[in-house]
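Here's the structure we're looking at; comments come further down.
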Amino acid sequence: MVGATTDGADDAGRWFDRIRAVATPTELYALLFALPKGADLHIHLSGCGRPDDWYTLATTLRPGAHEVRVTDCPDGHARGTVVTVPAATVAALPACCRAGHRPLAELSDAERERWDGMLTVGEDEPDSFFDRVTPQLKHLRKEPELLLGVLAATLDRAAAEHVDHLEFQTGPFGYVGADGPVPPDEMAARYRAVLSGDRATASGVTARLLINVSRTAEDVEDRLRLSFEMADRHRDLWTGLHLSGREDQARRSLDELAGTYWELHRRYPELGVAVHAGEGFGAAYQVRPATLLPVSRIGHGLALVEDEETMTALAAAGVAVECSLISNVRLGRIDGYGAHPLRRFIEAGLRPCLSTDNPGAWGSQLTDEFYVATRHLDLSWKQVTALARNSVDASFAPPAVRERLRRRLDDGLSRFAAEVLNPGWRTALARHTPVMSPFARRHLL
Ligand SMILES: [Zn+2]
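Those letters in the sequence shown? Residues 1 to 445, by UniProt numbering.
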């Protein structure tokens, strides 16, 4: 067996290059689907549901609870069609507005197709994530029954594509269930029930949560305090915080938040700090201010390529960069996968990893990120496996869990190299049937 020889890693690398050069898109996809990929560290739970997930969960778990506005109010009160609203809200509307609604379960085929489209970011519509998907999810994502259904489905998908660990950005605040508002501690109990339940255990995938704090909130400092305190109280679930929200709409700069972050970090030193920074180019997208915080992971970090000094400083500090090529292209941050600075990050000594960000909105999975990175950035076996290892090393999971994940990944990669990266690779791959994502079916294969 090739992987068992003393120079097995070199052999694996040579075979990986050779396979990449001759494989059809479908074969390369199958190879990367079967590859052990470690962890997905940047994944918004509300962005994980595909249209089918939301539709099925909403109509089966909360039948009759949602209506969809299919025609504008004739008197001009409510505009914008295919918008999903709680049935109770519709019942309180004047008759003119009420008439334009239809129960979610009774949409015609054409309306259903438009409804699905509202939850999907297509090609060349970079604003649609914030203008269309986010408003459409406004109510759905605040319902614990549905969100937890998305959580369980995402763990199942991760297990199928050989991803061992997920760190979801999702908080405990603001949920409204069938019986009314859900207090944060009760929401914690519901997350815990799903993550320790039979279905999650059977998936073999571990998960931890990060509380999202939006930099666009007026009371962002108060939210940081509440979130650190809440995460500390439920450390088995939340292992850190992620600062999110559009950088060009931030209410506070990172310099202004630094004092609060350090105060909270001193009080809760074991909670990880991650920040969306440099998710674009121009004055609003600087990564440098993030270095003023006790940060150990940067979300996106595209703008680092324009700031050599910060890139060097982050590399020296061992800060990880969560790269999401598909998100960056879909949201119009870069012109194509080949324009992503991932290779530059690797060469600069940063510790990049791959992540999906909002996979439900693009219909993707982590395999797709490995596919576009491998195909468009010409990565070697060493670089591809380093991406997977970086994801586990930068995880905010407790050290014992991280150690277990690291061993599992190393064993998985050795087995994969021995079984697949050799002259019999086509036969070996035939034993693994990949589950194609909607994104892969439409755009990659
Ligand atoms: Zn994100």
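We put the beta carbon where it would ideally sit given N, CA and C, even for glycine.
Just so you know, these numbers come straight off a predicted model, no measurement behind them.
Who are the near neighbours of residue i in its chain, counting only those whose CB is closer than 6 Å to its CB and skipping five residues on each side?
| i | result |
| --- | --- |
| Phe439 | Trp362, Gly363, Ser364 and Asp368 |
| Ala348 | Met311 and Ala315 |
| Trp54 | Leu140 |
| Ser227 | Ile211, Val213 and Leu241 |
| Ala65 | Ala87 |
| Val150 | Cys48, Gly49 and Asp53 |
| Gly360 | Gly47, Cys48, Gly49 and Arg50 |
| Val392 | Gly38, Ala39, Leu405, Arg406 and Leu409 |
| His234 | Ala188 |
Starting from the Cα of residue i, find the closest Cα among the options and give me that residue.
| i | options | result |
| --- | --- | --- |
| Ala303 | Arg330, Arg344, His265 and Asp17 | Arg344 |
| Arg426 | Ala30, Asp10 and Ala88 | Ala30 |
| Thr260 | Val83, Tyr285 and Val220 | Val220 |
| Leu429 | Asp17, Thr26 and Ala21 | Thr26 |
| Thr81 | Pro94, Leu57 and Ala110 | Ala110 |
| His44 | Glu322, Leu377, Asp411 and Arg415 | Glu322 |
| Leu209 | Ala202, Gly177, Ala189 and Arg267 | Ala189 |
| Leu409 | Thr239, Val287, Glu113 and Val205 | Val205 |
| Gly282 | Arg69, Asp248, Gly299 and Val273 | Asp248 |
| Arg112 | Arg69, Val121 and Lys138 | Arg69 |
| Phe173 | Asp156, Tyr191 and Arg157 | Tyr191 |
| Val83 | Leu57, Leu41, Gln136 and Pro63 | Gln136 |
| Arg402 | Ser414, Arg389, Leu413 and Gly412 | Arg389 |
| residue 449 | Arg235, Ile298, Leu237 and Met230 | Since the first and last residues shown for the chain are 1 and 445, residue 449 lies out of range. |
| Thr56 | Leu107, Asp17, Cys97 and Leu41 | Leu107 |
Could you pull out every residue in the same chain whose Cβ sits closer than 7 Å to the Cβ of residue i, ignoring the five residues on either side in sequence?
| i | result |
| --- | --- |
| Asp152 | It should be noted that the sequence gives Ala, not Asp, for residue 152. So the list reads Val194, Arg199 and Ala200, once near-sequence residues are dropped. |
| residue 479 | Residue 479 is absent from the structure shown; the chain starts at 1 and stops at 445. |
| Arg333 | Glu279, Gly280 and Leu302 |
| Arg246 | Thr216 |
| Thr59 | Leu104 and Ala105 |
| Glu123 | none |
| Leu379 | Ala373 |
| Ile346 | Pro352 and Gln383 |
| Gly13 | Ser380, Trp381 and Lys382 |
Out of curiosity, what's the CA-to-CA distance linking residue i and residue j?
| i | j | result |
| --- | --- | --- |
| His165 | Ala92 | 44 Å |
| Val2 | Asp52 | Residue placement at Val2 cannot be trusted, given a pLDDT of 41 that sits under 50; what the coordinates show is reported in the next sentence. One C-alpha to the other measures close to 43 Å. |
| Ala290 | Asp255 | 8 Å |
| Ser324 | Leu148 | 24 Å |
| Gly197 | Val163 | 19 Å |
| Ala88 | Pro181 | 14 Å |
| Thr170 | Leu224 | 14 Å |
| Asp10 | Thr356 | 29 Å |
| Glu125 | His443 | 15 Å |
| Ser128 | Ala78 | 20 Å |
| Arg406 | Glu167 | 15 Å |
| Leu146 | Leu61 | 7 Å |
| Pro434 | Pro94 | 51 Å |
| Ala277 | Leu350 | 15 Å |
| Ser296 | Gly76 | 50 Å |
| Leu119 | Thr134 | 8 Å |
| Asp179 | Leu264 | 34 Å |
| Asp307 | Gln286 | 9 Å |
| Cys73 | Asp116 | 22 Å |
| Thr71 | Gly100 | 5 Å |
| Val90 | Arg252 | 36 Å |
| Leu155 | Leu366 | 12 Å |
| Asp185 | Leu271 | 18 Å |
| His376 | Ala317 | 28 Å |
| Ser414 | Ala284 | 43 Å |
| Glu161 | Cys96 | 49 Å |
On the DSSP letters alone, give me the boundaries of the alpha helix (DSSP H) that residue i sits inside.
| i | result |
| --- | --- |
| Pro135 | Thr134 to Leu137 |
| Arg404 | Pro399 to Val420 |
| Asn358 | Counting along the chain, Asn358 falls outside any alpha helix (DSSP H), and DSSP gives it neither H nor E. |
| Arg426 | Trp425 to Ala430 |
| Gly259 | Leu254 to Arg267 |
| Ile43 | Per DSSP, Ile43 belongs to no alpha helix (DSSP H); it is in the beta strand (DSSP E), Ala39 to His44. |
| Gly149 | Pro144 to Ala160 |
| Arg389 | Trp381 to Asp393 |
| Val275 | Taken as a continuous stretch (DSSP letters only), Val275 belongs to no alpha helix (DSSP H), being part of the beta strand (DSSP E) at Gly272 to Ala277. |
| Ser203 | Asp198 to Ser203 |
Of all the CB atoms in chain D, is at least one closer than 8 Å to the CB of residue i?
| i | result |
| --- | --- |
| Glu369 | Absence of chain D from the displayed structure is noted, only one protein chain being present. |
Give the range of the beta strand (DSSP E) segment to which residue i is assigned.
| i | result |
| --- | --- |
| Val85 | Val83 to Pro86 |
| Gln169 | His165 to Gln169 |
| Thr216 | Neither: Thr216 is in no beta strand (DSSP E) and is coded neither H nor E. |
| Ala320 | Ala320 to Cys323 |
| Tyr175 | Tyr175 to Gly177 |
| Cys353 | Arg351 to Leu354 |
I'd like the list of long-range same chain contacts for residue i, defined as Cβ closer than 8 Å, with 5 residues on each side in sequence excluded.
| i | result |
| --- | --- |
| Phe370 | Leu32, Leu35, Lys37, Leu354, Val384 and Leu387 |
| Tyr175 | Lys142, Glu143, Pro144, Leu147, Pro181, Val182 and Met187 |
#### Entry: Those residues, in chain order, that have a beta-carbon closer than 6 Å to some heavy atom of ligand 1
His42, His44, Ser244, His276, Gly299 and Asp357
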